[in-house]
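Note that the protein sequences, when read in sequence, are chains A and B. All you need for this note's numbering is the position in the first sequence, starting with 1, plus 29. All you need for this note's numbering is the position in the second sequence, starting with 1, plus 1. Let me begin by presenting the structure, written as structure tokens, before commenting on it.
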Amino acid sequence: QKEVEQNSGPLSVPEGAIASLNCTYSDRGSQSFFWYRQYSGKSPELIMFIYSNGDKEDGRFTAQLNKASQYVSLLIRDSQPSDSATYLCAVNENTGNQFYFGTGTSLTVIP
Amino acid sequence: DTEVTQTPKHLVMGMTNKKSLKCEQHMGHRAMYWYKQKAKKPPELMFVYSYEKLSINESVPSRFSPECPNSSLLNLHLHALQPEDSALYLCASSQDASSLYEQYFGPGTRLTVT
Numbered sequence: 030q031k032e033v034e035q036n037s038g039p040l041s042v043p044e045g046a047i048a049s050l051n052c053t054y055s056d057r058g059s060q061s062f063f064w065y066r067q068y069s070g071k072s073p074e075l076i077m078f079i080y081s082n083g084d085k086e087d088g089r090f091t092a093q094l095n096k097a098s099q100y101v102s103l104l105i106r107d108s109q110p111s112d113s114a115t116y117l118c119a120v121n122e123n124t125g126n127q128f129y130f131g132t133g134t135s136l137t138v139i140p
Numbered sequence: 002d003t004e005v006t007q008t009p010k011h012l013v014m015g016m017t018n019k020k021s022l023k024c025e026q027h028m029g030h031r032a033m034y035w036y037k038q039k040a041k042k043p044p045e046l047m048f049v050y051s052y053e054k055l056s057i058n059e060s061v062p063s064r065f066s067p068e069c070p071n072s073s074l075l076n077l078h079l080h081a082l083q084p085e086d087s088a089l090y091l092c093a094s095s096q097d098a099s100s101l102y103e104q105y106f107g108p109g110t111r112l113t114v115t
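Below you can see the structure in the form of structure tokens.
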């Protein structure tokens, strides 16, 4: 049974702070890792993907991957109220393009 | 352009109706997906098409019938649905059905079964 776990939150941070979202996964064969943002009533929107251990930065977002510890995280710097959404972690195991989604973390950025 | 389109945006249907959901992408992607999402839950995979062939069916009831007429189009035919089938139905596509590629989601169809 492949599992992807996220803290459901809600996570609240003040505007301008760093929001840290975490995700763990059970399948050591997982190859690729994705973060999606989903606003209420809307569809998931791809923010970042990461394949290799270490950090990957894109603007205010940094994805961090540690395959040995089987976790992937998303840091959002200078958080804005518009970042308030549910963040979904998705993990793609190595035998096909089947995503396993975590249950999502609800983030609220307080002005 | 990373756009996946879906029609209709909203659909209300009775349990005896037959309707279809449509999805289209023009990114040259060769893998397309149907997901079902209930409120406050993550998307659940229903079907995967790879190079226009059905490659994954996640034990979905036969009242849901997928069709891939060509590499850009994906349909989901609905018949004799139940109220518990009410959900957001999401289409997604990716470059191909390997483990590396990201999936792009369409805006979804909000389905209500009465």
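Glycine is no exception: its CB is placed at the ideal position from the N, C-alpha and C atoms.
{"Check": "I'd like the ranges of any alpha helix (DSSP H) spanning at least 4 consecutive residues and lying wholly in the stretch 2–37 of chain B.", "Outcome": "none"}
{"Check": "Our contact map puts A:Gly131 next to B:Pro43 with C-beta atoms below 8 Å; I'd like the distance itself, whole angstroms only.", "Outcome": "7 Å"}
{"Check": "Can you look up A:Glu74 in the DSSP assignment and give me helix, strand or coil?", "Outcome": "strand"}
{"Check": "Just to confirm, is the Cβ distance from B:Ser56 to B:Ala98 under 9 Å?", "Outcome": "yes"}
{"Check": "Where DSSP assigns a beta bridge to B:Leu91, which residues make up the other side?", "Outcome": "B:Tyr36"}
{"Check": "Which whole-angstrom value describes the C-beta separation of A:Ser41 and A:Ile105, a residue pair presumed to lie in contact below a C-beta threshold of 8 Å?", "Outcome": "Going by Cβ atoms, the distance from A:Ser41 to A:Ile105 rounds to 13 Å, so no, they are not a contact pair."}
{"Check": "Got a sec? Which residues, its chain only, sit under 6 Å from A:Asp112 by beta carbon, not counting five neighbours each side?", "Outcome": "Ile105 and Val138"}
{"Check": "So, A:Tyr116 versus A:Val33, is the Cβ gap smaller than 9 Å?", "Outcome": "no"}
{"Check": "To which residues of the same chain is A:Ala114 closer than 7 Å at the C-beta, ignoring the five residues directly before and after it?", "Outcome": "Arg66, Gln67, Tyr68 and Leu136"}
{"Check": "Touching or not, the stretch 88–108 of chain A and the stretch 13–25 of chain B, by the rule of three or more beta carbon pairs under 8 Å?", "Outcome": "no"}
{"Check": "Between which two residues does the beta strand (DSSP E) holding B:Thr115 run?", "Outcome": "From DSSP, B:Thr115 is part of no beta strand (DSSP E); its letter is neither H nor E."}
{"Check": "For chain A, check one thing: does any of its Cβ atoms lie closer than 9 Å to the Cβ of B:Phe106?", "Outcome": "yes"}
{"Check": "Do you know offhand how far B:Tyr50's Cα is from B:Lys19's?", "Outcome": "22 Å"}
{"Check": "Closest Cβ-Cβ distance between B:Tyr52 and chain A: below 9 Å?", "Outcome": "no"}
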